[in-house]
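>
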Amino acid sequence: MIRSPRSSRAIAFGLMVFLSIACFSLVSLQTRQPGLTSFLPDLQAARQRVMAKVPAISNLLDVQPVVEHEGEDSSQVPFGADYRSNATMLMLARNSDLMGVLQSVREAEDRFNRNYKYPWVFLNEEDFTDEFKIRVANLVSGEVYFGTIPSEHWYQPDWIDEERAKAGRDELVANQVIYGGSVSYRNMCRFNSGFFYHHELLQQFKWYWRVEPDVHFYCDITFDPFVYMEENDKKYAFTLTMLEFGQTIPTLWETTVDFIAKNPQYLAERNSLDYLSDDGGQTYNRCHFWSNFEIADLDFWRGEAYSAYFDHLDRAGGFYYERWGDAPVHSIAAALLLPKEQIHFFREIGYFHFPNIHCPAEYDIWRAGHCSCNPGESFDYTGDSCMRQWERVNPLA
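Count along the sequence shown starting at 1, add 2, and that's the number in our numbering.
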């Protein structure tokens with residue numbers, strides 16, 4: 003029996019309607035179920051599909067390569083994507099951060115990584131849940147690794163005088179300093195300052211791009227920042243620079259000066275001291291690179307100079323007696339231990355981390371990146387920004 007094209011189309015249309023109604027009924031049934039099934043239909047089946055692709059590699063890690071996106075047009079991959087650096091996207095997150103993690107990963111993938119498929123590394127002080135792993139794995143374009151932070155790298159060390167540390171926390175709380183009373187925040191700052199680059203999962207990589215939950219990427223990144231840094235001998239890159247809260251770091255600079263006095267061999271000849279100090283090093287002007295976005299060479303942190311600097315700071319106890327952040331620690335180290343030419347400002351990367359935004363001011367860059375941000379709202383030259391201090395040191399960066 004031969005059917006006319008019109009008849010065939012009618013049958014096909016009827017079949018599509020039937021399937022749509024069936025799928026809608028199934029989804030409606032699932033959404034009435036409590037718990038995870040309300041937004042993760044058939045969690046066990048999804049878990050099995052992902053885990054089938056993911057061999058365990060150690061007792062710390064149990065998830066690896068994950069989802070490949072099909073159907074991408076290779077002609078849309080920017081120039082240079084045929085070569086990848088030995089690099090990873092890196093995020094420190096908790097299970098409770100899931101929705102903010104998904105937002106950040108989705109935007110980083112859409113604006114950059116879908117064209118390059120760099121792996122992601124996620125670190126947590128406790129094990130990630132299956133739900134976290136499945137939902138994140140569903141978004142990434144390359145491999146993904148989930149790791150647990152060793153307790154000795156996270157918790158307050160036993161040689162810290164807790165009575166003194168508590169007195170310091172109480173003082174900051176009384177002065178209404180953000181995170182002033184938080185020990186977990188101090189744990190995070192110390193980990194990001196001196197331990198993340200020692201994690202087992204990062205040993206295979208030379209470069210990393212730090213991403214945090216709940217951030218936005220406002221522009222298409224039409225080049226590979228890792229390759230740019232590698233080819234131009236850059237070691238550290240940023241998008242936002244600002245003043246630190248002075249009450250959180252009262253002795254950080256004097257501790258740094260003491261370190262340099264004892265270890266002058268580590269001070270770079272063409273350093274960026276004038277970015278950090280307005281009086282030749284007598285005092286610290288509190289300028290720092292906001293480290294929630296940073297792209298850097300892991301070998302710089304692993305190297306002799308920074309290792310010695312961090313150990314000196316750590317023994318001084320300021321991460322707990324005060325509230326030293328990883329941002330000023332990284333910034334001071336990069337500015338003093340690296341030649342200024344090895345620090346780079348990525349003006350092309352539109353970025354937001356509450357409450358500050360960097361949006362490219364140059365129209366050609368803004369247009370080429372299809373940026374969705376407003377350059378007039380950029381933090382770059384506002385009162386608490388240190389962009390002018392950076393430009394007086396490195397105007398061509």
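Virtual Cβ for every residue (Gly too), placed ideally from N, Cα, C.
Considering only the alpha carbon of each residue, which of 285, 302, 129 lies closest to residue 248?
Counting from 1 along the sequence shown, the entry for residue 248 is found at position 246. Distances from the alpha-carbon of residue 248 to those of 285, 302, 129 put 285 closest.
> Buried or exposed for residue 237, please, with buried defined as at least 16 other CB atoms from any protein chain shown within 10 angstroms of its CB.
Stepping through the sequence shown from its first residue, residue 237 is reached at position 235. The residue is buried, with at least 16 neighbouring Cβ atoms inside 10 Å.
> Where does residue 118 fall in DSSP's three states?
Taking the first residue of the sequence shown as 1, we reach residue 118 at position 116. In this structure, residue 118 counts as coil in the three-state DSSP scheme.
> According to DSSP, simplified to helix, strand and coil, what is residue 296?
Start at 1 with the first residue of the sequence shown, and residue 296 comes out as number 294. In the structure shown, residue 296 sits in a strand (DSSP, three-state: E or B).
> According to DSSP, simplified to helix, strand and coil, what is residue 141?
Walking along the sequence shown from the start, residue 141 turns up at place 139. Coil at residue 141, not helix or strand.
> Quick one: give me the first and last residue of the alpha helix (DSSP H) that residue 411 is part of.
No information on residue 411 is available, as it lies outside the stretch 3 to 399 that the chain covers here.
> Out of 241, 178, 206, which has the shortest C-alpha to C-alpha gap to residue 87?
The residue you call residue 87 lines up with position 85 of the sequence shown. For residue 87, the closest alpha carbon among the candidates 241, 178, 206 is that of 206.
> Between the alpha carbons of residue 198 and residue 370, how many angstroms are there, rounded?
Mapped onto the sequence shown, residue 198 falls at position 196. Mapped onto the sequence shown, residue 370 falls at position 368. When rounded, the distance between both Cα atoms is 34 Å.
> If you reduce the DSSP assignment to three classes, tell me which class residue 196 lands in.
Locating residue 196 in the sequence shown gives position 194, where the first residue counts as 1. DSSP places residue 196 in helix when its eight states are reduced to three.
> Using the DSSP secondary-structure output, state which residues sit across from residue 150 in a beta bridge.
Numbered from its first residue, the sequence shown carries residue 150 at position 148. Per DSSP, 126.
> Quick one: Cα of residue 164 to Cα of residue 172, how far?
In the sequence shown, counting from the first residue as 1, residue 164 sits at position 162. In the sequence shown, counting from the first residue as 1, residue 172 sits at position 170. The alpha-carbon atoms of residue 164 and residue 172 are separated by roughly 12 Å.
> Exposed or buried, which one is residue 335 when buried takes at least 16 other CB atoms within 10 Å?
Taking the first residue of the sequence shown as position 1, residue 335 is located at position 333. Buried: at least 16 other Cβ atoms inside 10 Å.
> Is it the case that the stretch 91-106 contacts the stretch 209-228, given that we only count it when at least three CB pairs across the two stretches are under 8 Å?
yes
> Mind the definition here: the stretch 318-334 touches the stretch 253-271 only if three or more C-beta pairs lie below 8 Å; say whether that holds.
Contact between the stretch 318-334 and the stretch 253-271 is present: 3 or more CB-CB pairs across the two stretches fall below 8 Å.
> Compute the distance between the beta-carbons of residue 360 and residue 241, then report whether it is under 8 Å.
The residue labelled residue 360 in the question sits at position 358 within the sequence shown. The residue labelled residue 241 in the question sits at position 239 within the sequence shown. Taking 8 Å as the Cβ cut-off, residue 360 and residue 241 qualify as a contacting pair.
> Cβ atoms of residue 392 and residue 243: under 8 Å apart, would you say?
Reading the sequence shown from its first residue, position 241 is the one you call residue 243. Reading the sequence shown from its first residue, position 390 is the one you call residue 392. For residue 243 and residue 392, yes; Cβs fall inside 8 Å.
> Measure the alpha-carbon distance for residue 2 versus residue 136 and round it to whole angstroms.
With the chain represented from 3 up to 399, any question about residue 2 goes unanswered, as that position is not in the structure.
> For residue 84, which of 120, 105, 321, 339 has the nearest alpha-carbon?
Position 82 of the sequence shown holds residue 84. Of the listed residues, the one whose Cα sits closest to residue 84 is 120.
> Looking only at its chain, what residues have a beta carbon closer than 8 Å to the beta carbon of residue 228, apart from the 5 residues adjacent to it on each side?
As a first step, residue 228 must be located in the sequence shown, where it is residue number 226. Correct list, in chain order: 86, 87, 89, 120, 209, 211, 297.
> For the putative contact between residue 281 and residue 118, defined by C-beta atoms under 8 Å, what is the C-beta separation to the nearest angstrom?
As a working mapping, residue 281 is identified with position 279 in the sequence shown. As a working mapping, residue 118 is identified with position 116 in the sequence shown. That pair is no contact at about 43 Å.
> In the DSSP assignment, find the beta strand (DSSP E) that holds residue 345 and state where it starts and stops.
If you number the sequence shown from 1, residue 345 lands on position 343. Taken as a continuous stretch (DSSP letters only), the beta strand (DSSP E) holding residue 345 covers 345-347.
> First and last residue of the beta strand (DSSP E) that includes residue 258?
Translated into positions along the sequence shown, residue 258 becomes position 256. Counting along the chain, residue 258 falls outside any beta strand (DSSP E), though it belongs to the alpha helix (DSSP H) covering 254-264.
> Taking the straight line between their C-alpha atoms, what separation do you get for residue 234 and residue 344?
Within the sequence shown, numbered from 1, the residue matching residue 234 stands at position 232. Within the sequence shown, numbered from 1, the residue matching residue 344 stands at position 342. Their backbone Cα atoms lie some 8 Å apart in a straight line.
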